[in-house]
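Residues in the sequence shown are numbered from 27 upward in steps of one, following our numbering.
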Amino acid sequence: MNEPHQRTDVAIVGGGMAGASLALMLSHFCPQLRVVLLEQSALTDAAASVRLPSFDTRATAIAAGSLQLFQQLGLWPALREYSAPIQRIQVSDRGQAFGACLAAGEQQWAGFEGMLGAVIENAALGPILHSALADTSVKLVAPAQVTTVCMGARGASLRWRAGEEYAERRLTAGLLVVADGVDSPLCRQLGIEIDTVKYQQRALVTTVGLQRDHSGVAHERFTADGPMALLPLPQRDGLYRAALVWVCGQQDAEALCALSERQRLQQAQRAFGWRAGRFVRMGSLQAYPLSLSLAREQWRRNVVLIGNCAHFLHPVAGQGFNLTLRDCYGLAQAMAGERPVQGSSSQLQRLAAYGRGRRLDQQLTVGFSDRIPALFAASNPVLQGLRQMGMLGLTLVPPLRTAFVRQAAGFGL
Ligand SMILES: Cc1cc2nc3c(=O)[nH]c(=O)nc-3n(C[C@H](O)[C@H](O)[C@H](O)COP(=O)(O)OP(=O)(O)OC[C@H]3O[C@@H](n4cnc5c(N)ncnc54)[C@H](O)[C@@H]3O)c2cc1C
27 MNEPHQRTDV AIVGGGMAGA SLALMLSHFC PQLRVVLLEQ SALTDAAASV RLPSFDTRAT
87 AIAAGSLQLF QQLGLWPALR EYSAPIQRIQ VSDRGQAFGA CLAAGEQQWA GFEGMLGAVI
147 ENAALGPILH SALADTSVKL VAPAQVTTVC MGARGASLRW RAGEEYAERR LTAGLLVVAD
207 GVDSPLCRQL GIEIDTVKYQ QRALVTTVGL QRDHSGVAHE RFTADGPMAL LPLPQRDGLY
267 RAALVWVCGQ QDAEALCALS ERQRLQQAQR AFGWRAGRFV RMGSLQAYPL SLSLAREQWR
327 RNVVLIGNCA HFLHPVAGQG FNLTLRDCYG LAQAMAGERP VQGSSSQLQR LAAYGRGRRL
387 DQQLTVGFSD RIPALFAASN PVLQGLRQMG MLGLTLVPPL RTAFVRQAAG FGL
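Quick look at the structure:
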């Protein structure tokens, strides 16, 4: 990339979970396309991946449908080594009698029998995605901070600079993929508006040591202060482990982050209860502000948005990355077989087909992630009754349970 000005078919800006996954899918399903992936952070080694926002201390629940996509890309053997299967999901409502248990049951997915999904620590996911890119024709340029984008008749013209080096480089792309995360500066430059609702909540994330094995059970526990998810992780150094996502108000979050490990353990155990046994260790809490952000346009001529910049969801149902992976797959399918000729009407039709194809899944997933926390936080007796009826329905009505299991596993209703 030393030449002053280069051309490519697709330029992806942002090498986080979304950008890296799309690059892998394009190289697999659209080998005719020249793809350049620009990431502003240096990716000198596996440890460098972990410094990216996507690949911090969080763990990600990856639904069985997404695992099948990773299997097609040949990544499942590497992911399996660092992940724990989800065999059941226990849903409970603190202080209420009925809960629900979801299991794969009759719904079995080839290669992932008995599993609803798997949980992998983001610190392991990043190096796996980035090292897989090395075996493809994708040109990964890092550090490369894209500073300006100009749209013209021949596509997108990008200027970027490498780390501390202030000399700007240029690249022209037939298709620009914006994958630079939530609150995207590139969307602002392109004049793409983003609707944001702030939830006034924080997700506190940490790893918990458990006294007993989690047996592949993921817990989704709703409390008046906010939902808590406890996700199975692989054992490490003889310790049973789980990833905790603990949603609470902003002030509570600040107070909890300031506690000692012993105090954090007590508070978490009190809030979560004893369904997963005793919590014996707990790392420090990392806080993430929560909002619902939706871009008003997800594509336009020569541009498409992927990942958090397109939709940033409440993490309650662990759907954000899974939805993004399905978007990436949809886009790769739409682009298969054709080189994006700059400004061509055929590319525009393909992007329009992509947008239409993804609309329903996005609406359902966004609606679910947005409404469930509010429904479960309500102390109104009518809503409490509805919740309990819902739990009972999931337990007693097999077709309802099947629909939920399919949605949780990323296969749609
Ligand atoms: C607490 C929490 C828990 C979650 N749990 C789950 C879960 O269990 N399951 C699930 O499916 N989803 C989950 N999600 C959602 C998931 O984390 C997101 O879908 C994922 O982070 C999407 O990443 P991204 O690549 O879009 O954005 P980011 O991770 O923000 O990546 C953007 C990348 O772009 C780069 N960049 C930015 N600007 C530029 C520029 N100008 N030039 C070059 N590069 C640039 C950044 O350095 C970064 O690497 C969770 C989210 C949260 C907050």
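By construction, the Cβ of each residue, glycine as well, lies at the ideal position given by its N, Cα and C atoms. Note that the coordinates shown come from a computational prediction; the quantities given were computed from them, not determined experimentally.
For S370, the secondary structure class from DSSP, reduced to helix, strand or coil, is coil. The C-beta distance from V167 to G235 rounds to 40 Å, too long to fall under 8 Å, and the pair is not in contact. For Q98, the three-state secondary structure derived from DSSP is helix. For H245, the enclosing beta strand (DSSP E) has its first and last residue at 243 to 249. For G333, the CB falls within less than 7 Å of some heavy atom of ligand 1. Three or more Cβ pairs closer than 8 Å define a contact, and the segment 341 to 351 falls short of that threshold against the segment 321 to 329. Assignment of Y108 by DSSP, reduced to helix, strand and coil, places it in the coil class. Rounded to the nearest whole angstrom, the CA to CA distance from S67 to L142 is 34 Å. Using a Cβ-Cβ distance cut-off of 8 Å, the segment 83 to 93 and the segment 185 to 200 are not in contact, since fewer than three pairs of beta carbons, one from each stretch, lie closer than that value. In the DSSP assignment, R262 forms a beta bridge with L265. Between Q227 and L316 the beta-carbon gap is near 5 Å, inside 8 Å, which marks them as a contact. Non-local beta-carbon contacts of W102 in its own chain, meaning distances under 7 Å to residues more than five positions away in sequence, involve L93, F96 in chain order. Per DSSP, reduced to three states, the secondary structure at R352 is helical.
Selection A126, S370, Q133, V145 evaluated against E107 yields V145 as nearest (Cα-Cα). Of all alpha-carbon atoms in A182, R267, G299, the one lying nearest the alpha-carbon of V330 is that of A182. R304 and S118 do not touch by the CB rule: their CB atoms are close to 17 Å apart, not below 8 Å.
Counting along the chain, the unbroken alpha helix (DSSP H) around C213 starts and ends at 211 to 216. Ranked by how close their Cα comes to the Cα of L339, the residues Q277, D278, K224, P57 have K224 in first place. If you ignore the 5 residues before and after Q293, its C-beta comes within less than 7 Å of the C-beta of L282, L285, all in its own chain and listed in chain order. Judged by DSSP secondary structure, S157 falls within the alpha helix (DSSP H) whose first and last residues are 148 to 159.
A residue is called buried when at least 16 other Cβ atoms come within 10 angstroms of its Cβ; E287 does not meet this threshold and is exposed.
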